[in-house]
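Structure, as structure tokens:
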Amino acid sequence: MIKIAIIGYGKMGKEIESTAQDFNYQIISIIDQNNNLIDEIKKHKPDVAIEFTNANAVVNNIKTCVDMRIPVVSGTTGWDNELEEIKEYTLQNNGSVLWGSNFNLGVNLWFDFVDYISEKMKTYEDYKVRLEEIHHIHKLDKPSGTAIQAAQIVMKHYNFKNWSLDDKEEDYLNIKSIRQGEEVGTHSVIFTSLFDQITIEHKNFSRKTLAIGALTAANWIIDHPGFYIFHDVYQEIFNQ
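For any residue, its number in our numbering is found by taking its place in the sequence shown, counting from 1, and adding 698.
Set out below in structure tokens:
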């Protein structure tokens, strides 16, 4: 039975704890602001850690796991500018780290669809592309990490300078970010002309799909030293 430490006990931490009971995983430690990560790892000796915290804590959490030779899966978003630093740290210290903006199988298939249609649509200048994402009012980062990853996929095929939340900025890919109710997560890439509209959308109904993906990734990363982006290896992970 795989022994897991959960780092962060928010919505996703609780969902992972609940979902793990349905599979062959043992949650041996739950680490939040009330206890110490290093002490908990020393005490419980997990096989792997799953980390869902915040942009201020994630870098230190991952580095601590790398230093203590604990493979770690992280789903924390909002810290894209530091991903390269963590990649280098992981590789230099022979760590095992897998990061993903979204562990839902459907979302990662959607990323592939977005890549495909963006490559097709780039030649049709009458269609203007934009993104939209909707999440619950408690989500702190805006736009979501999933929306940013989708924007990066679109921008491979277009000459945008970058993405922007401001729809008035020319030469930038607009992302409309909405926070309402308890929305789990809806992401759309929208191509609009004067006469019609094409929308590629993924709507998530439950966090359980995210928890299943994170747990499956945790099982995979144990035997795969290095630094990985979930979307790059999701097919291998779900087919293991």
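Glycine residues also receive a C-beta, built at the ideal position from the N, C-alpha and C atoms.
Separation of residue j from residue i, as counted between CA atoms
{"i": "residue 801", "j": "residue 883", "result": "12 Å"}
{"i": "residue 833", "j": "residue 792", "result": "36 Å"}
{"i": "residue 782", "j": "residue 889", "result": "31 Å"}
{"i": "residue 699", "j": "residue 744", "result": "11 Å"}
{"i": "residue 748", "j": "residue 848", "result": "23 Å"}
{"i": "residue 880", "j": "residue 837", "result": "10 Å"}
Which of helix, strand or coil DSSP assigns to residue i
{"i": "residue 895", "result": "strand"}
{"i": "residue 746", "result": "strand"}
{"i": "residue 851", "result": "helix"}
{"i": "residue 942", "result": "Because the chain spans 699 through 938 in this model, residue 942 falls outside it and cannot be assessed."}
{"i": "residue 771", "result": "strand"}
{"i": "residue 816", "result": "helix"}
{"i": "residue 803", "result": "helix"}
{"i": "residue 821", "result": "coil"}
{"i": "residue 809", "result": "helix"}
{"i": "residue 758", "result": "helix"}
{"i": "residue 842", "result": "coil"}
{"i": "residue 708", "result": "coil"}
Beta-ladder partner(s) of residue i, from DSSP
{"i": "residue 873", "result": "829"}
{"i": "residue 888", "result": "828 and 897"}
{"i": "residue 666", "result": "Past the edges of the chain, shown from 699 to 938, lies residue 666, and the structure says nothing about it."}
{"i": "residue 795", "result": "770 and 925"}
{"i": "residue 879", "result": "Paired residue(s): none; residue 879 is not in a bridge."}
{"i": "residue 860", "result": "870"}
{"i": "residue 902", "result": "883"}
Rounded Cβ spacing between residue i and residue j (contact assumed at less than 8 Å)
{"i": "residue 775", "j": "residue 906", "result": "That belief does not hold up - the Cβ atoms of residue 775 and residue 906 are roughly 19 Å apart, past 8 Å."}
{"i": "residue 825", "j": "residue 891", "result": "5 Å"}
{"i": "residue 936", "j": "residue 914", "result": "6 Å"}
{"i": "residue 746", "j": "residue 704", "result": "Incorrect: roughly 10 Å between the Cβ atoms, too far for contact."}
Cβ contact (3+ pairs, closer than 8 Å) linking the stretch 855-870 and the stretch 893-912: The stretch 855-870, when compared against the stretch 893-912, does not touch it at the 8 Å Cβ threshold.
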